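For the sequence shown, the working numbering begins at 178 and goes up steadily by one.
Glycine is no exception: its CB is placed at the ideal position from the N, C-alpha and C atoms.
The structure displayed is predicted, hence computed values, not measured ones.
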Amino acid sequence: MLRHRKIKVGEQVNINASCSTIILTQLKGLGNFMIPIEIGNIHFNRALCDLGASINLMPLSIYEKLGSSVHLKGVLEDMLLKVSIFIIPVDFIVLDFKENREIPILLGRPFLATSRSTIDLENNELIIRINGETEIFKCGHQQRGK
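Here you go:
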């Protein structure tokens, strides 16, 4: 007959071959990753990086501030986005919706893939590594490269 007892926090437990599952400690919700960016000469203190977004998105009001009439209205292609020391080409979908002044730009999976971003949820970090240079962003706060 097996004996069940409560395991103390930090206690080491020997596991035999019949054990198939280890229960991990659930991490708290870590919030959103927001990074400072520049498009042309316009600086944004906070752009939201969203793994669930399949597009990069900006409101029509920001599109109009950029004054770009070269591209088809509704899509901005190959915009040069400055993130700290990096310049990254990004396509944006432009929608006519009310601008959120707190988070005016949404950067989705296309940006995260192009910038070769790594998201470390345990340490609450978004890491961009390009050509040997690294920048680390803590949930909403920037740290200098390592």
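Among the options, which has the Cα closest to the Cα of residue i?
i           : options               : result
residue 300 : 182, 186, 209 and 183 : 209
residue 235 : 229, 228 and 252      : 252
residue 260 : 241, 224 and 229      : 224
residue 215 : 285, 267 and 272      : 267
residue 338 : 241, 262 and 189      : The structure shown does not extend to residue 338, since the chain spans only 178 to 323, so no value can be given for it.
Given this structure, state the Cα-to-Cα distance separating residue i from residue j, to the nearest angstrom.
i           : j           : result
residue 311 : residue 287 : 19 Å
residue 258 : residue 185 : 50 Å
residue 306 : residue 315 : 15 Å
residue 313 : residue 280 : 19 Å
residue 296 : residue 283 : 16 Å
residue 308 : residue 187 : 41 Å
residue 248 : residue 254 : In this prediction, residue 248 scores a pLDDT of 44, lower than 50, which makes its location untrustworthy; no coordinate-derived value is stated.
residue 298 : residue 231 : 20 Å
residue 256 : residue 263 : 13 Å
residue 246 : residue 229 : Confidence at residue 246 is low in this model, with a pLDDT of 47, below 50, so its placement is unreliable and the value that follows should be read with caution. So the two alpha carbons sit approximately 30 Å from each other.
residue 189 : residue 182 : 14 Å
residue 227 : residue 294 : 12 Å
Less than 8 Å between the beta carbons of residue i and residue j, yes or no?
i           : j           : result
residue 212 : residue 289 : no
residue 265 : residue 292 : yes
In this structure, what does DSSP give as the bridge partners for residue i?
i           : result
residue 311 : 306
residue 295 : 304
residue 215 : 220 and 259
Which whole-angstrom value is the C-beta distance of residue i and residue j, which I expect to be below 8 Å?
i           : j           : result
residue 217 : residue 237 : Wrong, their Cβ atoms sit about 16 Å apart, outside the cutoff.
residue 276 : residue 219 : Rounded, the Cβ-Cβ distance is 12 Å, inconsistent with contact.
residue 233 : residue 285 : 5 Å
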